[in-house]
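In this note's numbering, the protein residues as written are 1 to 697.
All C-beta atoms, glycine included, are put in the ideal place defined by N, C-alpha and C.
Note that this is a predicted model, so its numbers are computed, not measured.
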């Protein structure tokens with residue numbers, strides 16, 4: 001009797017429980033639980049989680065209609081959803097009660113809320129029953145503090161309470177100047193800064209950075225131990241020794257006192273690269289403005305001619321001394337050049353991208369796949385990904401992406417959301433979205449609308465984005481596509497640029513198919529690099545070849561290098577050309593077997609036979625394929641390796657294991673026999689092992 005007959009079938013399990021069971025992909029795609037949390041919970045199941053997950057092959061037979069590679073667990077999804085809706089983490093309650101999360105966490109840790117039960121969730125998080133926690137606070141008559149919960153947006157006002165007025169007023173004047181129509185900065189007739197801030201958000205970022213830097217300098221000078229943890233507590237409304245902070249207000253430090261010692265103090269708080277950016281990109285232009293301002297005052301005094309020659313000479317000498325001292329600080333900043341590998345852009349092959357897509361899907365699910373596709377298929381930068389809205393796409397009345405007769409969607413990206421206010425005309429023309437990406441985004445939206453219906457976007461009607469190049473007004477409504485994962489119901493709260501970039505950094509080191517350089521330095525922006533290469537090196541008919549550069553520039557919204565004007569763009573022939581090039585360059589499948597067939601069909605890959613020598617006595621002839629060399633593959637040489645069939649991989653894997661066993665069993669020289677013979681054998685085995693690793697990588 002087959003042992004599997006003793007295990008209930010998937011259908012029998014569902015029938016006995018009276019509900020449908022999920023696979024892991026359902027759980028991650030619907031945002032019920034992250035893949036990493038699920039795996040940790042399976043390996044370390046808390047009591048509440050037991051009985052919700054059944055291991056395929058042990059507790060239940062495999063579902064016949066499911067891909068055998070993905071259905072490792074049968075999950076009682078409905079029971080899991082019910083539990084997670086009734087149990088929430090501390091930040092949920094803090095937001096509900098209008099108090100600081102840290103305060104509530106301390107209450108729980110110190111037992112102030114008596115009789116509370118904690119439910120482990122992942123490595124560090126605890127969940128609490130919503131009704132239970134709220135009722136206990138009410139029954140035990142615990143007073144909720146009417147504390148001000150400081151959010152990051154309040155940092156400017158917090159700094160305003162303590163930084164000296166001279167610094168605050170100069171920062172204000174500097175920001176106003178850089179936002180003006182004449183933002184240039186020059187000293188002694190030499191232009192040092194030519195451009196101003198294009199967007200208000202850039203100006204505010206510099207305002208925050210300047211206040212933060214001067215705060216760090218002054219607290220260090222005054223000997224205030226104000227490390228990151230203390231600063232965080234201060235920002236979030238916790239007690240800090242106020243008398244200590246008043247030293248910041250009463251400091252004798254002035255803007256003229258900036259010197260090498262200040263740089264040394266900052267170097268204790270920031271990494272070399274971060275400090276370099278702060279000094280050269282933030283503090284240097286600020287101090288150039290400050291010196292320009294002092295120079296104007298000096299010239300004004302000269303014009304008045306009310307001071308003696310000696311006094312004017314002394315003022316000029318003082319100014320020159322201060323100017324020289326301050327500018328010397330910046331001129332002497334050590335420039336940390338990135339390592340040679342760090343300078344290289346990463347260009348993924350289509351196969352590498354397909355494998356990266358699969359890894360991200362496995363690790364994060366659909367909520368990271370969408371920003372991944374926005375980068376690699378639509379060429380969006382990280383910041384642009386945070387700003388793109390559902391309403392920027394060609395959508396139907398229900399908020400889902402529509403498709404044209406070829407199955408493509410369209411994105412009309414406004415200039416006001418693009419770097420430098422430049423979108424290459426994408427708002428007027430629209431840029432194509434491959435069918436698979438349209439399908440993915442619609443699946444994502446279907447889950448998103450369960451938590452935040454499309455109709456709610458109307459509450460943000462009139463939302464406006466403005467740059468010096470113009471503005472975009474959303475008359476009927478606006479909802480960000482990629483949102484803060486903690487608050488998916490907040491259609492007006494986008495995710496951050498750092499969050500968009502983070503998942504690539506967290507994943508790249510785990511991907512054995514990437515080069516060593518890519519494992520270290522692959523980042524979100526390389527989606528644009530790869531996309532540009534895929535299109536520019538597309539193998540197209542001769543009559544289309546002159547348009548590939550134009551299409552590449554347009555898909556990554558650069559200024560077009562082609563000569564196609566806006567008036568001609570809507571010409572049907574041009575749209576057909578655009579569609580044809582996009583179709584043959586980036587409309588590729590992500591399943592590896594299908595991708596290889598697609599590449600062979602479109603002449604990116606060719607089949608051939610090759611003899612592989614396994615050892616001294618064994619060689620095998622394989623029919624494989626290889627990528628034809630073009631620019632993108634020259635930049636990713638690992639892509640040129642021949643591909644093995646499943647049978648060949650199985651054969652090599654068996655030999656690989658055999659060699660490992662031989663090496664593990666002969667780690668010490670024999671007590672009797674020829675040591676040289678032992679060493680020679682091990683060297684041959686190691687060489688063979690490395691060769692097989694190359695083929696299996």
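Practice item. Below 8 Å on the Cβ atoms is my guess for residue 389 versus residue 478; work out the distance and round it to an integer in Å. Key: 5 Å
Check your understanding: Less than 7 Å separating the beta-carbons of residue 371 and residue 587?
Key -> no
Exercise for review: Please work out which residues of its chain come closer than 6 Å, Cβ to Cβ, to residue 484, disregarding the five sequence neighbours upstream and downstream, and give them in chain order.
Suggested key: 493 and 495
Exercise for review: From the DSSP output, in three-state form, read off residue 129 for me.
Suggested key: strand
Point to revise | residue 362 to residue 96 span [Cα, whole Å] | key: 33 Å
Check your understanding: To which residues of the same chain is residue 14 closer than 8 Å at the C-beta, ignoring the five residues directly before and after it?
Key -> 20 and 21
**Study point:** 4 or more residues per run - each alpha helix (DSSP H) lying fully within the segment 158-217
**Key:** 165-178
Exercise for review: Would you check if the segment 37-57 and the segment 136-143 touch, i.e. whether three or more CB-CB distances between them fall below 8 Å?
Suggested key: no
Check your understanding: If you check the beta carbons only, do residue 346 and residue 522 fall under 7 Å apart?
Key -> yes
Review point. Closer than 6 Å: is that where the CB of residue 163 sits relative to any heavy atom of the ligand SAH?
Key: The ligand content of the structure shown is nil, which means the ligand SAH is not present either.
Exercise for review: Count the C-beta pairs between the segment 283-293 and the segment 177-192 that are closer than 8 Å, then say yes if the count reaches three, no if not.
Suggested key: yes
Point to revise | DSSP state of residue 377 mapped onto helix, strand, coil | key: coil
Review point. To the nearest whole angstrom, what separates the beta carbons of residue 417 and residue 455, a pair I think is in contact under 8 Å?
Key: Not a contact, Cβ separation roughly 23 Å.
**Study point:** Contact under 7 Å by Cβ, residue 458 with residue 464
**Key:** no
Exercise for review: Could you tell me the distance, in whole angstroms, from the CA atom of residue 220 to the CA atom of residue 303?
Suggested key: 41 Å
Check your understanding: Quick one: Cα of residue 667 to Cα of residue 683, how far?
Key -> 12 Å
Check your understanding: Touching or not, the segment 533-550 and the segment 508-524, by the rule of three or more beta carbon pairs under 8 Å?
Key -> no
Point to revise | Which of helix, strand or coil DSSP assigns to residue 343 | key: No answer about residue 343 holds up, because its pLDDT of 46 lies below 50 and its placement is not dependable.
Check your understanding: Tell me the DSSP bridge mates of residue 579?
Key -> Looking at the DSSP assignment, residue 579 forms no beta bridge with any residue, so it has no partner.
Review point. The alpha helix (DSSP H) spanning residue 329 covers which residue range?
Key: 309-331
Review point. What does DSSP give as the partner residues of residue 409 in its beta bridges?
Key: 433
Point to revise | Opening and closing residue of the beta strand (DSSP E) in which residue 54 lies | key: 53-55
**Study point:** Inter-residue Cα distance where the pair is residue 28 and residue 82
**Key:** 16 Å
Point to revise | 7 Å Cβ cutoff met for residue 354 and residue 590 | key: yes
**Study point:** Length of the line joining the Cα atoms of residue 116 and residue 440
**Key:** 41 Å
Practice item. Provide the residue span of the alpha helix (DSSP H) that contains residue 600, from first to last. Key: 592-601
Point to revise | Residue interval of the alpha helix (DSSP H) (run including residue 357) | key: 350-363
Exercise for review: Would you decide whether residue 286 is buried or exposed? Buried here means 16 or more other CB atoms lie within 10 Å of its CB.
Suggested key: buried
Point to revise | 7 Å CB neighbourhood of residue 120 in its chain, flanking five on each side removed | key: 46 and 126
Check your understanding: So residue 40 is in the alpha helix (DSSP H); what residue range does that whole segment cover?
Key -> 35-43
Practice item. Specify the secondary structure class of residue 499 as computed by DSSP and reduced to three states. Key: helix
Exercise for review: Might you give, ordered along the chain, the residues of its own chain that have their beta carbon closer than 8 Å to the beta carbon of residue 104, omitting 5 neighbours on each side?
Suggested key: 90, 93, 94 and 97
Exercise for review: Would you grab the beta carbon distance between residue 663 and residue 685 for me? Rounded to a whole angstrom, and I think it's under 8 Å.
Suggested key: 6 Å
Review point. Apart from the five residues on each side of it in sequence, which residues of its chain come closer than 7 Å, Cβ to Cβ, to residue 595?
Key: 350, 351, 354, 588 and 589
Exercise for review: Take residue 605 as the anchor and find which of 262, 538 and 254 has the nearest alpha-carbon.
Suggested key: 538
Point to revise | Beta-carbon spacing of residue 379, residue 498 below 7 Å | key: no
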